[in-house]
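Engineer:
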Amino acid sequence: MLAHEGFIAAAEEAEELLAYAAGDPTLLDASVRRRLTGEPLAWITGTVSFCDVVVHVDPDVYVPRWLSEPLARRAVERLPAGGTAIDLCTGSGAIAAVLRAHHPDARVVASDIDARAVACAAANGVEVYLGDLFTTLPGDLAGQVDVVVSVVPYVPTPELPLLQRDTFAFESPLSYDGGADGTDTLRRVVRDSPRFLRPGGALLLELGGDQADLLTDELVRLGYLELTVLTDEDGDVRGVEATFGQRPS
Ligand SMILES: C[S@@+](CC[C@H](N)C(=O)[O-])C[C@H]1O[C@@H](n2cnc3c(N)ncnc32)[C@H](O)[C@@H]1O
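First residue of the sequence shown: 366, per the working numbering; consecutive thereafter.
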């Protein structure tokens with residue numbers, strides 16, 4: 366049925382739904398019907414694999430995408446043993462959970478503005494705070510943080526209608542809408558991170574298109590060094606990595 370309805374990974378999805386239903390034909394039938402409406406698979410099964418970590422995902426919470434996995438892996442590399450990381454806009458807590466899995470001795474703190482996301486991240490074992498970006502994070506983190514990583518909403522508002530057909534039938538624009546050119550929240554994270562990063566700490570942000578270029582002047586002005594634009598195997602821009610050099614006077 367999934368293949369007939371044009372689902373790209375129909376065989377893999379069918380396997381996941383079969384495993385989830387565990388031989389219960391009524392549950393399988395209900396699950397397939399839900400999926401055929403376009404409801405995200407992870408909301409039906411309750412889990413997704415992200416960087417080989419099983420992440421619990423509640424309905425209404427953004428489903429972590431494989432496109433974000435390289436950013437999460439880079440954050441793992443930049444976080445020293447026993448270090449401290451902040452995952453802003455954490456959603457289900459997927460990136461924070463990956464950091465914790467690789468660095469059990471690190472302190473990993475997260476935030477999200479959506480209470481459903483915060484509850485989900487907490488269920489994934491993440492130390493998570495409800496609030497706007499850094500505003501509700503513990504003050505003792507100031508100047509101590511090795512890595513700030515985030516997948517913020519960064520889709521330019523005029524491009525929201527170009528997202529997949531079912532996106533807003535189920536998901537919230539709060540996860541996607543980045544303002545006129547998509548950089549509203551990105552700019553706020555760039556501006557506020559120096560208060561938390563230690564010199565030498567890393568800022569890792571997912572973004573796309575020309576957004577890295579749009580942020581460069583601000584990054585340089587604020588004392589970030591070693592700016593690297595992260596691209597995928599097709600050469601498409603997927604993120605930016607910057608090392609914080611010095612506190613602005
Ligand atoms: C694109 S999702 C990314 C979720 C997660 N990092 C991931 O990759 O799966 C963006 C998340 O940012 C949250 N969000 C949007 N604006 C925010 C803000 N100002 N402060 C904190 N979280 C915010 C949304 O609720 C949503 O969970």
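Every residue, glycine too, gets a C-beta built ideally from N, C-alpha and C.
What residues match up with V602 in a beta bridge as DSSP calls it?
Structural biologist: BP columns for V602 point to T596.
Engineer: Look up G411 in the DSSP assignment and say whether it is helix, strand or coil.
Structural biologist: In this structure, G411 counts as coil in the three-state DSSP scheme.
Engineer: Between S414, V513, P424 and G371, which has its C-alpha nearest T356's C-alpha?
Structural biologist: The structure shown does not extend to residue 356, since the chain spans only 366 to 614, so no value can be given for it.
Engineer: Beta carbon of Y385: closer than 7 Å to some heavy atom of ligand 1?
Structural biologist: It does not: the Cβ of Y385 is nowhere closer than 7 Å to a heavy atom of ligand 1.
Engineer: Based on Cα-Cα distance, which residue from G604, G411 and G371 lies nearest to L569?
Structural biologist: Of G604, G411 and G371, the residue nearest in Cα terms is G604.
Engineer: For E571, which beta-bridge partners are listed by DSSP?
Structural biologist: The partner list for E571 (beta bridge, DSSP) reads G604.
Engineer: Which ranges would you report for the alpha helix (DSSP H) in the segment 514 to 538 if only whole runs of at least 4 residues count?
Structural biologist: Fully enclosed alpha helix (DSSP H) runs of 4 or longer: 532 to 535.
Engineer: Indicate whether at least one CB of chain C lies closer than 8 Å to the CB of P435.
Structural biologist: Absent here is chain C; the protein component of the structure consists of one chain.
Engineer: I'd like the span of the alpha helix (DSSP H) that includes I460, first residue to last.
Structural biologist: Note, I460: alpha helix (DSSP H), A459 to H467.
Engineer: For S414, is the beta carbon positioned less than 7 Å from some heavy atom of ligand 1?
Structural biologist: Not so, every heavy atom of ligand 1 lies at least 7 Å from the Cβ.
Engineer: Who are the Cβ neighbours of A407 in its own chain at under 7 Å, not counting the five residues just before and after it?
Structural biologist: Cβ within range, chain order: V413, V422 and V428.
Engineer: Sorted by chain position, which residues of the same chain lie with C-beta nearer than 8 Å to G544's C-beta, five sequence neighbours on each side aside?
Structural biologist: Closer than 8 Å at the Cβ level, and outside the excluded window around G544, lie P521, T522 and T550.
Engineer: For a minimum of 4 consecutive residues, which ranges assigned as the alpha helix (DSSP H) are wholly contained in the segment 439 to 505?
Structural biologist: Correct list: 459 to 467 and 480 to 488.
Engineer: With C-beta atoms as the reference, is P435 less than 8 Å away from F535?
Structural biologist: No, the pair does not count as a contact, with Cβ atoms beyond the cut-off.
Engineer: Classify T455 as buried or exposed, calling it buried when 16 or more other Cβ atoms lie within 10 Å of its own Cβ.
Structural biologist: Label assigned to T455: buried.
Engineer: Do the CB positions of L444 and D511 come within less than 8 Å of each other?
Structural biologist: In contact: L444 and D511 (Cβ atoms closer than 8 Å).
Engineer: Give me, in chain order, the residues of the same chain whose beta-carbon lies closer than 8 Å to that of D542; leave out the 5 immediate sequence neighbours on both sides.
Structural biologist: So the list reads P518, V520, T522 and L525, once near-sequence residues are dropped.
Engineer: Quick one: what's got a C-beta closer than 6 Å to G573's C-beta in the same chain, skipping five residues either side?
Structural biologist: Cβ neighbours of G573 beyond the five flanking positions: V602.
Engineer: Taking the alpha carbon of E321 as the point to measure from, which residue in D479, D599, E606 and R556 has its own alpha carbon closest?
Structural biologist: Outside the shown range of the chain (366 to 614) lies residue 321, about which nothing can therefore be said.
Engineer: Between the beta-carbon of D497 and the beta-carbon of L539, is there less than 8 Å?
Structural biologist: No.
Engineer: State the start and end residues of the unbroken beta strand (DSSP E) segment that holds V418.
Structural biologist: Counting along the chain, the beta strand (DSSP E) containing V418 begins and ends at V418 to H421.
Engineer: Short check: CB of E378 to CB of L367, under 8 Å?
Structural biologist: Yes, the Cβ-Cβ distance between E378 and L367 is below 8 Å.
Engineer: If you draw a straight line from the alpha carbon of S457 to that of V397, how long is it in whole angstroms?
Structural biologist: When rounded, the distance between both Cα atoms is 23 Å.
Engineer: Applying the 10 Å Cβ sphere with the 16-neighbour rule, what's the burial state of R430?
Structural biologist: With fewer than 16 Cβ atoms within 10 Å of its Cβ, R430 is classed as exposed.
Engineer: Distance check for P390 and L528, CA to CA, integer angstroms please.
Structural biologist: Near 33 Å, if we compare the C-alpha coordinates of P390 and L528.
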